[in-house]
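Asks: Structure in structure tokens, see below.
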Amino acid sequence: QVQLVESGGGLVQAGGSLRLSCAASGRTFSSYAMGWFRQAPGKEREFVAVHNGYADSVKGRFTISRDNAKNTVYLQMNSLKPEGTAVYYCGADTVIITSRRLPTYWGEGTRDTVSS
1 QVQLVESGGG LVQAGGSLRL SCAASGRTFS SYAMGWFRQA PGKEREFVAV HNGYADSVKG
61 RFTISRDNAK NTVYLQMNSL KPEGTAVYYC GADTVIITSR RLPTYWGEGT RDTVSS
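Be aware that the sequence shown starts at 1, since it is given in our numbering, and climbs by one per residue.
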């Protein structure tokens with residue numbers, strides 16, 4: 001089992017940037033697939049990024065990366081838009097994560113607000 005803690009959320013103006021971090025517990029972090037999802041107010045949770053794929057809505061603006069030595073996965077978000085206002089969650093699993101196969105383990109989320 002792995003525990004996940006997100007950080008880095010906040011208030012930013014449209015066009016700005018944020019970098020989210022997700023710190024994972026455990027000694028086998030490198031064996032986990034990691035991904036980012038988000039849930040906007042009144043909407044369902046949606047896929048954002050995994051290491052080999054991005055949602056169309058963020059492609060070219062967001063970048064996922066990981067540092068196995070620090071047990072951390074990151075989401076660099078540039079050119080933010082107001083519709084990106086959401087709670088961002090990182091997820092982990094021992095098998096592949098995709099937009100349709102949700103991870104087993106979730107963090108508590110970090111809130112991002114993008115003002116226009």
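Note that beta-carbon positions come from the ideal geometry of N, C-alpha and C, so glycine has one too.
Gly-109 by DSSP, collapsed to three states: which one?
Replies: coil
Asks: Quick one: complete alpha helix (DSSP H) runs, 4+ long, within the region 58–86?
Replies: none
Asks: Between the alpha carbons of Val-12 and Asp-112, how many angstroms are there, rounded?
Replies: 8 Å
Asks: What is the DSSP secondary structure of Ser-21, reduced to helix, strand or coil?
Replies: Residue state, collapsed to three classes: strand.
Asks: Suppose you measure from the CA of Glu-108 to the CA of Ser-21; what does that come to, to the nearest Å?
Replies: Each residue's Cα considered, the two are about 12 Å apart.
Asks: Sorry if obvious, but does the Cβ on Tyr-32 come closer than 8 Å to a heavy atom of the ligand FMN?
Replies: In terms of ligand content, the structure shown is empty, and the ligand FMN therefore cannot be addressed.
Asks: Out of Tyr-89, Ser-57, Ala-40, Thr-28, which has the shortest C-alpha to C-alpha gap to Leu-75?
Replies: Tyr-89
Asks: Three-state secondary structure (DSSP) at Ser-99?
Replies: coil
Asks: Measuring straight from C-alpha to C-alpha, what distance separates Val-5 and Ala-24?
Replies: 7 Å
Asks: Between Ala-92, Ser-115, Ser-99, Val-58, which lies nearest to Glu-46 when the distance is taken from Cα to Cα?
Replies: Ser-99
Asks: Taking all protein chains shown into account, do 16 or more other C-beta atoms lie within 10 angstroms of the C-beta of Gly-10, making it buried, or fewer, making it exposed?
Replies: Exposed: under 16 other Cβ atoms inside 10 Å.
Asks: I need the DSSP call for Ser-116, collapsed to helix, strand or coil.
Replies: DSSP places Ser-116 in coil when its eight states are reduced to three.
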